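From first to last, the protein sequence lines stand for chains A and B.
Going from the first sequence to this note's numbering is simple: count from 1 and add 137.
Going from the second sequence to this note's numbering is simple: count from 1 and add 137.
Number of protein chains: 2
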Amino acid sequence: MPPRRQGPANTESVDNYLKAILALSGPEERRVSSSSLADRLGVAPASVTNMLQKLATSPSPFVEYERHRGVLLSPAGKRRALEVVRHHRLIETFLYEVLDYPLEEVHDEAERLEHFISEQFEERIAAKLGHPEFDPHGHCIPAMDGKMPKQASIPSTDLHEQGTFTVDSISDQDAALLKRLKTHGITPGARLQVRSGSADDLVLRSTAASKNLHLSRDLAAAVRVRSAR
Amino acid sequence: MPPRRQGPANTESVDNYLKAILALSGPEERRVSSSSLADRLGVAPASVTNMLQKLATSPSPFVEYERHRGVLLSPAGKRRALEVVRHHRLIETFLYEVLDYPLEEVHDEAERLEHFISEQFEERIAAKLGHPEFDPHGHCIPAMDGKMPKQASIPSTDLHEQGTFTVDSISDQDAALLKRLKTHGITPGARLQVRSGSADDLVLRSTAASKNLHLSRDLAAAVRVRSAR
DNA sequence: GCCAATATTTAGGCTTGCCTAATTGTTAGG
DNA sequence: CCTAACAATTAGGCAAGCCTAAATATTGGC
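Here's what the structure looks like:
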């Protein structure tokens, strides 16, 4: 066999690093620090350094990395990351729409399956769902070519004024929170009254519900809003 | 941390060993040799020995193994193997019925996904499909409790007489063959005329088709029949 | 501009699951 | 019943990804 030093291996672990970098670098594509990655992925910082070095030094690397200066996705890395996100959100939509999963349970299942479905599978569920643009959390599903419209929404914690808004999307990271939001009628598309409570929390109330929901700013950041419909 | 020597790890690899042992030991549950496992799994015999030793020496082991004498599933191993088979066949059925996969493509996708779906996912697709008893190849789907009716069919190569039979099931291992069979109308439930051709092949003909199909005994063994309906 | 606190990297290890090569067991033919 | 052929196991290694502990950069406060 020729000694072929290989390109990036596209394992579950690699996918997760790429997704995390995509998420943490934000729309402005800031460099991402090792420790924030370690945090998000639940691994030791040393493991991150290790992986980044591997990802950066393969031929046609997935990331651009400089010691002590954080990491960025390469075009190839971004492409792959968006593909995994597409998988994730299509699967979530599928579980919700076709298999009647409760909203708060779709994330974990999608998190596992996203790494293992084929392009074929992806296409079939997209077709079955009528090529949806949004997942059930209100997140936009990247197109096959990796294009994704910019988000025009902001976290409810960034609002300057109180008032009534439309719920744009809800982070899928915290199942318990998702369930609370659901019982308070706070789901994508709902109309939402937002005001600040005591120093460090927000008071949310869906116009479809009778009870206020008090959330720490930390949790409330999971709810993104746009101007009322 | 307490030093906990751990139980079997339920990885993809372990699942594949258990499935292979289940398949190779047959309905009579014969002991399975290392080399036949190595063959079926596409790994070196030494790797098999290695894995079998690990599987056999964990507390509540998945297999019963004696040096040079082959291996058998323990009750726990059989339970797990049947669960994986159930996953596999439910997924195949799902891909075929819900996602409109061509029959010959369901196997590969199921082979990957079977290791990663949750019990929840399993239950939902089973419900969606109306708790089917057979997959699209005609194979019986083990019930949740691991029960599986005995197969009353035989390989077409074991027939003593020529004649007309009903196609019971078709092995899902060979996609190309599956496709040929499909174009000749040979699918589970079809009526099939079987006669022997030259020394080493069989001639098959679906009553729904106009052309004979000549298959080596090797390939023909993939087609199982039962007495004509 | 220096130094302590914090962030990051290096060094060295572990487990899983695979490999090859060398060794040992089993078995069938003469 | 002995041995050649073949099957199986042991021994020793490798890559991926993780870990901890030790070393080294960077940075903010004075």
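Where is the CB? At the ideal position from N, CA and C, for every residue including glycine.
Only a predicted model underlies this, so the values are computations on that prediction, with no experimental measurement involved.
Between S211 (chain A) and L236 (chain A), what straight-line distance do the alpha-carbon atoms span, to the nearest angstrom?
Locating residue 211 (chain A) in the first sequence gives position 74, counting from the first residue. Locating residue 236 (chain A) in the first sequence gives position 99, counting from the first residue. So the two alpha carbons sit approximately 36 Å from each other.
Please state the DSSP three-state secondary structure of S150 (chain B).
As a first step, residue 150 (chain B) is located in the second sequence; it is residue number 13 there, counting from the start. In this structure, S150 (chain B) counts as helix in the three-state DSSP scheme.
Hey, how far is the Cα of Q310 (chain B) from the Cα of D272 (chain A)?
Residue numbering aside, residue 310 (chain B) sits at position 173 when the second sequence is read from its first letter. Residue numbering aside, residue 272 (chain A) sits at position 135 when the first sequence is read from its first letter. Taking the straight line joining both Cα atoms gives about 35 Å.
Does the distance from the CB of G326 (chain B) to the CB of V304 (chain B) come in under 8 Å?
Taking the first residue of the second sequence as 1, we reach residue 326 (chain B) at position 189. Taking the first residue of the second sequence as 1, we reach residue 304 (chain B) at position 167. Yes. Within cutoff.
Find the residues of chain A that neighbour S255 (chain B), judging by a C-beta separation of less than 7 Å, and give them in chain order.
As a position in the second sequence, residue 255 (chain B) is number 118, starting the count at 1. Ordered by position in chain A, the residues that pass the 7 Å Cβ test against S255 (chain B) are E246.
Applying the 10 Å Cβ sphere with the 16-neighbour rule, what's the burial state of S171 (chain A)?
Residue mapping note: residue 171 (chain A) aligns to position 34 of the first sequence, counting from 1. Classification for S171 (chain A): buried.
Say whether chain B places a C-beta atom closer than 8 Å to the C-beta of K319 (chain A).
Your numbering for residue 319 (chain A) matches position 182 in the first sequence. Not closer than 8 Å to any Cβ of chain B, the Cβ of K319 (chain A) fails to qualify, so no.
Would you say A346 (chain A) and L314 (chain A) are within 8 Å of each other, going by their C-beta atoms?
The residue you call residue 346 (chain A) lines up with position 209 of the first sequence. The residue you call residue 314 (chain A) lines up with position 177 of the first sequence. Cβ atoms of A346 (chain A) and L314 (chain A): not closer than 8 Å.
Mind checking if F258 (chain A) is an interface residue toward chain B, Cβ cutoff 8 Å exclusive?
Indexing the first sequence from 1 puts residue 258 (chain A) at position 121. It does: the Cβ of F258 (chain A) has a partner Cβ on chain B nearer than 8 Å.
Could you tell me the distance, in whole angstroms, from the CA atom of F302 (chain A) to the CA atom of E165 (chain A)?
To locate residue 302 (chain A), count along the first sequence from 1; it is residue 165. To locate residue 165 (chain A), count along the first sequence from 1; it is residue 28. Approximately 25 Å, taken between the alpha carbons.
Apply the 10 Å Cβ neighbour rule to G207 (chain B) and answer buried if 16 or more other Cβ atoms are within range, or exposed otherwise.
Translated into the one-based positions of the second sequence, residue 207 (chain B) becomes position 70. So G207 (chain B) counts as buried.
Below 8 Å on the Cβ atoms is my guess for L178 (chain B) versus Y154 (chain B); work out the distance and round it to an integer in Å.
In the second sequence, the residue the question calls residue 178 (chain B) occupies position 41. In the second sequence, the residue the question calls residue 154 (chain B) occupies position 17. Right, their Cβ atoms sit about 7 Å apart.
Going by DSSP, which residues form a beta bridge with L350 (chain A)?
The residue you call residue 350 (chain A) lines up with position 213 of the first sequence. BP columns for L350 (chain A) point to A:L341.
Would you kindly work out how many angstroms separate the C-alpha atoms of A336 (chain B) and E229 (chain B), rounded to a whole number?
Taking the first residue of the second sequence as position 1, residue 336 (chain B) is located at position 199. Taking the first residue of the second sequence as position 1, residue 229 (chain B) is located at position 92. Going by the C-alpha atoms only, they are around 35 Å apart.
Just the chain A side, please: which residues come within less than 8 Å of I262 (chain B) by C-beta, in chain order?
The residue you call residue 262 (chain B) lines up with position 125 of the second sequence. Near I262 (chain B) (Cβ distances below 8 Å), the residues of chain A are L236.
Can you find a C-beta in chain B that's less than 8 Å from the C-beta of L250 (chain A)?
Stepping through the first sequence from its first residue, residue 250 (chain A) is reached at position 113. Yes, L250 (chain A) counts as interfacial toward chain B.
Quick check: is the beta carbon of K265 (chain B) nearer than 8 Å to any beta carbon in chain A?
Here residue 265 (chain B) is taken as the residue at index 128 of the second sequence, counted from 1. For K265 (chain B), the answer is yes, since a Cβ of chain A falls inside 8 Å of its Cβ.
As an exercise, report each continuous beta strand (DSSP E) stretch of at least 3 residues that is fully enclosed by the segment 206 to 253 of chain B, in chain order.
208 to 210, all fully within the segment 206 to 253 of chain B.
Are the CB atoms of A247 (chain B) and H225 (chain B) nearer to each other than 8 Å?
Start at 1 with the first residue of the second sequence, and residue 247 (chain B) comes out as number 110. Start at 1 with the first residue of the second sequence, and residue 225 (chain B) comes out as number 88. Taking 8 Å as the Cβ cut-off, A247 (chain B) and H225 (chain B) qualify as a contacting pair.
Tell me, which residues are paired with R204 (chain B) by DSSP?
Sequence index remark: in the second sequence, residue 204 (chain B) carries index 67 (1-based). DSSP output for R204 (chain B) lists no bridge partner at all.
So is H321 (chain B) buried or exposed if we call it buried at 16+ other beta carbons inside 10 Å?
On the second sequence, residue 321 (chain B) is found 184 positions in, with the first residue counted as 1. Label assigned to H321 (chain B): buried.
Are there 16 or more other CB atoms within 10 angstroms of the CB of T344 (chain A), so buried, or fewer, so exposed?
Along the first sequence, read from residue 1 onward, the residue named residue 344 (chain A) stands at position 207. T344 (chain A) is exposed by the Cβ-count criterion.
Can the beta-carbon of D331 (chain A) be found closer than 8 Å to that of S290 (chain A)?
Numbered from its first residue, the first sequence carries residue 331 (chain A) at position 194. Numbered from its first residue, the first sequence carries residue 290 (chain A) at position 153. In the sequence on display, residue 331 (chain A) carries Val and not Asp. Not closer than 8 Å, so no.
Would you list the one or two residues that DSSP bridges to S364 (chain B)?
For the purposes of this step, residue 364 (chain B) is identified with residue 227 of the second sequence, where counting begins at 1. In DSSP, S364 (chain B) forms a bridge with B:F302.
Are L339 (chain B) and V362 (chain B) closer than 8 Å when you measure CB to CB?
Here the question's residue 339 (chain B) lines up with position 202 in the second sequence. Here the question's residue 362 (chain B) lines up with position 225 in the second sequence. Cβ distance not < 8 Å, so L339 (chain B) and V362 (chain B) don't count as in contact.
Among B:L250, B:R249, B:H274, B:I278, whose alpha-carbon lies nearest the alpha-carbon of A263 (chain B)?
Residue numbering aside, residue 263 (chain B) sits at position 126 when the second sequence is read from its first letter. The shortest C-alpha separation from A263 (chain B) is found at B:I278.
Contact defined as beta carbons within less than 8 Å: I believe L352 (chain A) pairs with L341 (chain A). What is the distance between those atoms, to the nearest angstrom?
Along the first sequence, one-based indexing puts residue 352 (chain A) at 215. Along the first sequence, one-based indexing puts residue 341 (chain A) at 204. Their Cβ separation, rounded to whole angstroms, is 6 Å, which keeps L352 (chain A) and L341 (chain A) in contact under 8 Å.
Compute the Euclidean distance between the alpha carbons of E242 (chain B) and L232 (chain A), then round it to the nearest angstrom.
Translated into the one-based positions of the second sequence, residue 242 (chain B) becomes position 105. Translated into the one-based positions of the first sequence, residue 232 (chain A) becomes position 95. The alpha-carbon atoms of E242 (chain B) and L232 (chain A) are separated by roughly 22 Å.
Using a Cβ-Cβ cutoff of less than 7 Å, which residues in the same chain neighbour P269 (chain A) once the five nearest sequence positions on both sides are dropped?
Here residue 269 (chain A) refers to the residue found at position 132 of the first sequence. T230, I278, listed in sequence order.
Under 8 Å, do V221 (chain B) and D152 (chain B) count as touching if we go by C-beta distance?
In the second sequence, residue 221 (chain B) corresponds to position 84, counting from 1. In the second sequence, residue 152 (chain B) corresponds to position 15, counting from 1. Yes, the Cβ-Cβ distance between V221 (chain B) and D152 (chain B) is below 8 Å.
What are the boundary residues of the alpha helix (DSSP H) that Q190 (chain B) is part of?
Against the second sequence, residue 190 (chain B) aligns to sequence position 53. Here the alpha helix (DSSP H) through Q190 (chain B) covers 182 to 194.
E149 (chain A) and H274 (chain A): beta carbons closer than 8 Å?
Position 12 of the first sequence holds residue 149 (chain A). Position 137 of the first sequence holds residue 274 (chain A). Not a contact, by the Cβ cut-off of 8 Å.
Is it buried or exposed for R223 (chain A), if we count other Cβ within 10 angstroms and need 16 for buried?
Counting from one through the first sequence, the residue named residue 223 (chain A) turns up at place 86. By the 10 Å Cβ count, R223 (chain A) comes out buried.
For Q288 (chain B), which beta-bridge partners are listed by DSSP?
Working through the second sequence from its first residue, we reach residue 288 (chain B) at position 151. Paired residues: none, contrary to the question.
For H244 (chain A), does the count of other Cβ atoms within 10 angstroms reach 16, so buried, or fall short, so exposed?
Along the first sequence, one-based indexing puts residue 244 (chain A) at 107. Buried is the call here.
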